[in-house]
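Order-wise, the sequence lines are chains U and L.
Just so it is clear: in the first sequence, position 181 is 263 by our numbering, and no numbers are missing.
Just so it is clear: in the second sequence, position 7 is 17 by our numbering, and no numbers are missing.
A virtual CB, placed ideally from N, CA and C, is assigned to each residue, including glycine.
In what follows, a structure is listed as structure tokens, so that the remarks can point back to it.
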Amino acid sequence: MPSVALHTHVFDRVVRAVARANGMPGMRYAYVPQPVMGKTPDELRAYVYGVDPINKRPVMQMVVEGLTRPFDDSELQKTVYERATPRLVDAPGSEEELQQYFIDNNWTDYLPIVLPTEERVANMLACTSHKPDEVVGRMRPTLFREAWEYTVEKVAVNAVMAGARPEYFPVILALAAAGMSARGSTSSSAASMVLVNGPIRHQIGMNSGIGAFGPHNHANATIGRAYGLLSQNLQGGSVAGVTYMGSQGNGYSFTNLTVAENEEASPWEPFHVERGFKASDSTVSVFGSARHTAFTLGVRERHWQDHVRHMLLGMDPVEQPLFVLDPIAARLFKQRGGFETKRQMSEWAHDLARMKASEFWDYQLVQNYVYPRATFGEEPLATYLKAADDELIPMWAPEKIRIAVVGGETNGYWRIYGASHSKTVSVDDWR
Amino acid sequence: MTGAAIERLTVLNPMGFPPSVSPKPMAPRLDSLDDKTIFLVDCRFDDSELLLKQVQGWFDEHMPNVRTEMVRLSGVYHHDDPELWQHIKANGQAAILGVGH
Numbered sequence: 083m084p085s086v087a088l089h090t091h092v093f094d095r096v097v098r099a100v101a102r103a104n105g106m107p108g109m110r111y112a113y114v115p116q117p118v119m120g121k122t123p124d125e126l127r128a129y130v131y132g133v134d135p136i137n138k139r140p141v142m143q144m145v146v147e148g149l150t151r152p153f154d155d156s157e158l159q160k161t162v163y164e165r166a167t168p169r170l171v172d173a174p175g176s177e178e179e180l181q182q183y184f185i186d187n188n189w190t191d192y193l194p195i196v197l198p199t200e201e202r203v204a205n206m207l208a209c210t211s212h213k214p215d216e217v218v219g220r221m222r223p224t225l226f227r228e229a230w231e232y233t234v235e236k237v238a239v240n241a242v243m244a245g246a247r248p249e250y251f252p253v254i255l256a257l258a259a260a261g262m263s264a265r266g267s268t269s270s271s272a273a274s275m276v277l278v279n280g281p282i283r284h285q286i287g288m289n290s291g292i293g294a295f296g297p298h299n300h301a302n303a304t305i306g307r308a309y310g311l312l313s314q315n316l317q318g319g320s321v322a323g324v325t326y327m328g329s330q331g332n333g334y335s336f337t338n339l340t341v342a343e344n345e346e347a348s349p350w351e352p353f354h355v356e357r358g359f360k361a362s363d364s365t366v367s368v369f370g371s372a373r374h375t376a377f378t379l380g381v382r383e384r385h386w387q388d389h390v391r392h393m394l395l396g397m398d399p400v401e402q403p404l405f406v407l408d409p410i411a412a413r414l415f416k417q418r419g420g421f422e423t424k425r426q427m428s429e430w431a432h433d434l435a436r437m438k439a440s441e442f443w444d445y446q447l448v449q450n451y452v453y454p455r456a457t458f459g460e461e462p463l464a465t466y467l468k469a470a471d472d473e474l475i476p477m478w479a480p481e482k483i484r485i486a487v488v489g490g491e492t493n494g495y496w497r498i499y500g501a502s503h504s505k506t507v508s509v510d511d512w513r
Numbered sequence: 011m012t013g014a015a016i017e018r019l020t021v022l023n024p025m026g027f028p029p030s031v032s033p034k035p036m037a038p039r040l041d042s043l044d045d046k047t048i049f050l051v052d053c054r055f056d057d058s059e060l061l062l063k064q065v066q067g068w069f070d071e072h073m074p075n076v077r078t079e080m081v082r083l084s085g086v087y088h089h090d091d092p093e094l095w096q097h098i099k100a101n102g103q104a105a106i107l108g109v110g111h
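What follows is the structure in structure tokens.
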């Protein structure tokens, strides 16, 4: 059926790239100015009755012609083609030339890389039993884009570039196997978060204590950086305006909030054990949509519940809250609330974090991502949609509120990240 | 005096493997929109419905012999909606989708 897609103008390059990759270079589209969100009916009318900012012709002329003008030969060109990726970079070069070459090809995060020579990649590959040509997975920057495939060797190349040591490689392979990009294209500038559990933490010297989230540990830093580099390169790029549309960008993306859980100091069972793994298993858990952070000190006797409620109400309701507690704070929460398990604390937070229904449904991200599901009957969202404007409804289901213990007990600080758990993957499978 | 020779390094390409591209046939365009039904598909992203209402208003004003019908995806914009596509195919002759991004 003839169709035309209406887009906002900032997505022009993305639209054309996606149409080409889907074998439809002749796809018809028209553009209105960005943004649509927040505009009055009169302003939107002016968009529609106005000029397409990309094609410089009336928007509705583009629409009508898009449905009626026959395709010419150039639009119907057969677009069958294979796109190979060579194993080696085309030409050898000096260290300086190749550093620049990698930057020019958008293969780095603009910090210097370790050049992936054959010897370095071979050393990385020696730390897994998996063959270099084994396919690890597929990845893409967003759900509507094509997924690219990658092998163990390709993951190793990116691990070398990040400066990772070969003994970290099973963790990096597990991250790649999760198939979740740390370089998502979303305009919301989401980063990822990585939580490592089990014996591997000690075997490779990861930090779960003082300074764990910061630049204070080689394994944390380079595993997190490797996750970012492998995501951008193995999925086919993360180029601003083409394969990355994060409006503001995100500093978390450099090393992707990569830490180990402080299992030994936690009053509860480790994160991976909650998900069915044994304590003796080594795993990596991937969280997506990491953007916002709330923090405070202590769990005060008088108003601790008020403090937590206000922090949760300050989060965007679409992203799931992840409590990251220093062990001192974790023990205080256990003491104040009598939480014997993390699940009990999650249920308490679920009851605590309630918002007026009218306010909840008015959030733009709720409109985009939650409201559509509610209107077509998904429970309990459909019931919440029927709530009176002033009725308090929960912001998150209890199973969406997660807890991890990280920190070195220099003080009882704690944070709530907006970061949604995607997957927990075995590291042992990639040794 | 000459300096030491600069070492030439051979390095591996870090990019993954893209899928091959296969052409998809494009639907023939219509001779005219007169007396046709066009579905306006609300992708439910960032107030797209409000923009499409203005598109509908334009047709009412400028091409009153075109019938327009607003429909919305049954879920979030990145989920496919085969039932809706079937409905549009059975009941209309063209579609305008918005707002894509």
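Do you know how far the Cα of U/D433 is from the Cα of U/A103? Cα-Cα distance, rounded: 46 Å.
Smallest Cα separation from L/N101: which of L/D56, L/D91 and L/T78? Among L/D56, L/D91 and L/T78, the Cα nearest to that of L/N101 belongs to L/T78.
Taking 8 Å as the CB-CB limit, is L/P74 close to chain U? So no, L/P74 is outside the interface.
How close, in whole Å, do the beta carbons of U/L255 and U/V341 come, if the pair is a contact with beta carbons under 8 Å? The Cβ separation is near 19 Å, so there is no contact.
Which residues of the region 317-342 of chain U have a Cβ closer than 7 Å to any Cβ of chain L? Give them in chain order. Taking 7 Å as the Cβ-Cβ cut-off against chain L, the residues of the region 317-342 of chain U that qualify are Q317 and G318.
Does L/R18 have its Cβ less than 8 Å from a Cβ in chain U? Yes, its Cβ sits closer than 8 Å to a Cβ of chain U.
Run through DSSP, which three-state label would U/T304 get? Here U/T304 carries a helix assignment [DSSP, helix/strand/coil].
Does DSSP classify U/T167 as helix, strand or coil? Here U/T167 sits in coil by DSSP.
Suppose you measure from the CA of U/G331 to the CA of U/K213; what does that come to, to the nearest Å? About 36 Å.
Between L/L94 and chain U, is the shortest Cβ-Cβ distance under 8 Å, so that the two count as touching? Look at L/L94: its C-beta is not under 8 Å from any C-beta on chain U.
Do the region 383-395 of chain U and the region 420-440 of chain U make contact, defined as three or more Cβ pairs closer than 8 Å? Taking 8 Å as the limit for Cβ pairs, the verdict is that the region 420-440 of chain U does touch the region 383-395 of chain U.
For U/T423, does the three-state DSSP call read helix, strand or coil? If DSSP states are grouped into helix, strand and coil, U/T423 belongs with coil.
Candidates L/V51, L/L60, L/Y87 and L/M25: closest to U/V171 by CA position: Comparing Cα positions, the closest option is L/M25.
8 Å Cβ cutoff, L/L40 in contact with chain U: So yes, L/L40 belongs to the interface.
Considering only residues of the same chain and omitting the five flanking positions on each side of U/G494, which have a CB-CB separation below 8 Å? Beyond the five residues adjoining it in sequence on each side, U/G494 comes within less than 8 Å, by CB distance, of L379, G380, V381, D408, I410, A411 and L414 in the same chain, given in chain order.
Apart from the five residues just before and just after U/A435, which ones in its own chain have a Cβ nearer than 6 Å to its Cβ? If we look at U/A435 and ignore the five residues flanking it on each side, its Cβ neighbours are L394 and M477.
For the region 248-263 of chain U and the region 42-51 of chain L, state whether three or more C-beta atom pairs, one from each stretch, are separated by less than 8 Å. Too few Cβ pairs lie closer than 8 Å, so no.
Assign L/M80 to buried or exposed, taking buried as 16 or more other Cβ atoms, counted over all protein chains shown, within 10 Å of its Cβ. L/M80 should be labelled exposed.
Near U/A75, what residues of its chain come up, given a Cβ to Cβ distance below 6 Å and the 5 sequence neighbours on each side ignored? Given that chain U is displayed from residue 83 to residue 513, the structure contains no residue 75 of chain U and the question cannot be resolved.
Taking C-alpha atoms, which residue in U/V203, U/Q314 and U/A260 lies nearest to U/T190? When each option's Cα is compared against that of U/T190, the closest is U/Q314.
Short-range partners of chain L found in the region 127-146 of chain U, where Cβ spacing is below 8 Å: Those would be R127, Y129, V130, Y131, M142, V145 and V146, in chain order.
Cross-chain neighbours of L/A105 in chain U, by beta carbon under 7 Å: Neighbours of L/A105 on chain U, chain order: M83 and S85.
Neighbour flag for L/V65 against chain U, beta carbons, 8 Å: At a cut-off of 8 Å between beta carbons, L/V65 contacts chain U.
Check each residue of the region 445-463 of chain U: if its Cβ is closer than 9 Å to any Cβ of chain L, include it; give the result in chain order. Sequence-ordered contacts of the region 445-463 of chain U with chain L read Q446, Q449, N450, Y451, V452, Y453, P454, R455, T457, F458 and E460 [C-beta pairs closer than 9 Å].
Neighbourhood of U/K236 by C-beta, 7 Å cutoff - its chain only, sequence neighbours within 5 removed: L316.
Within the 8 Å Cβ cut-off, does U/F369 reach chain L? False, the Cβ-Cβ gap to chain L never drops below 8 Å.
Should U/E200 be flagged as near chain L, meaning a C-beta pair shorter than 8 Å? By this cut-off, U/E200 is an interface position.
So is L/M11 buried or exposed if we call it buried at 16+ other beta carbons inside 10 Å? At L/M11 the pLDDT is 44, less than 50, meaning the model places this residue with poor confidence; the figure from the coordinates comes in the next sentence. Around the beta carbon of L/M11, fewer than 16 other beta carbons lie within 10 angstroms, which makes this residue exposed.
CB contact check: U/Y250 to chain L, cutoff 8 Å: No - not a single Cβ of chain L is within 8 Å of the one on U/Y250.
Taking only the alpha-carbon atoms, compute the straight-line gap between U/D186 and U/I195 and give it to the nearest angstrom. Each residue's Cα considered, the two are about 13 Å apart.
Are at least three pairs of beta-carbons, each pair with one atom in the region 500-508 of chain U and one in the region 287-304 of chain U, less than 8 Å apart? The answer is no - the region 287-304 of chain U does not touch the region 500-508 of chain U, with fewer than three Cβ pairs under 8 Å.
Using C-beta distances below 8 Å, list every residue in its chain close to U/F359, excluding the 5 sequence neighbours before and after it, in chain order. Counting only Cβ-Cβ distances below 8 Å, and skipping sequence neighbours, we find N279, G280, T365, T506 and S508.
For the alpha helix (DSSP H) holding U/I282, just list the boundary residues, first then last. Start and end: I282 to Q285.
Whose Cβ in chain B lies nearer than 9 Å to the Cβ of U/F153? Chain labels in this structure do not include chain B; the protein chains are U and L.
Residues near L/G108 by beta carbon distance below 8 Å, same chain, minus five either side: Scanning its chain for C-beta atoms nearer than 8 Å, with the 5 sequence neighbours on each side dropped, one finds around L/G108 the residues L50, V51, D52, C53, S58, L61, L62 and V65, in chain order.
Can the beta-carbon of U/V141 be found closer than 8 Å to that of U/A101? No, they are not a contact pair.
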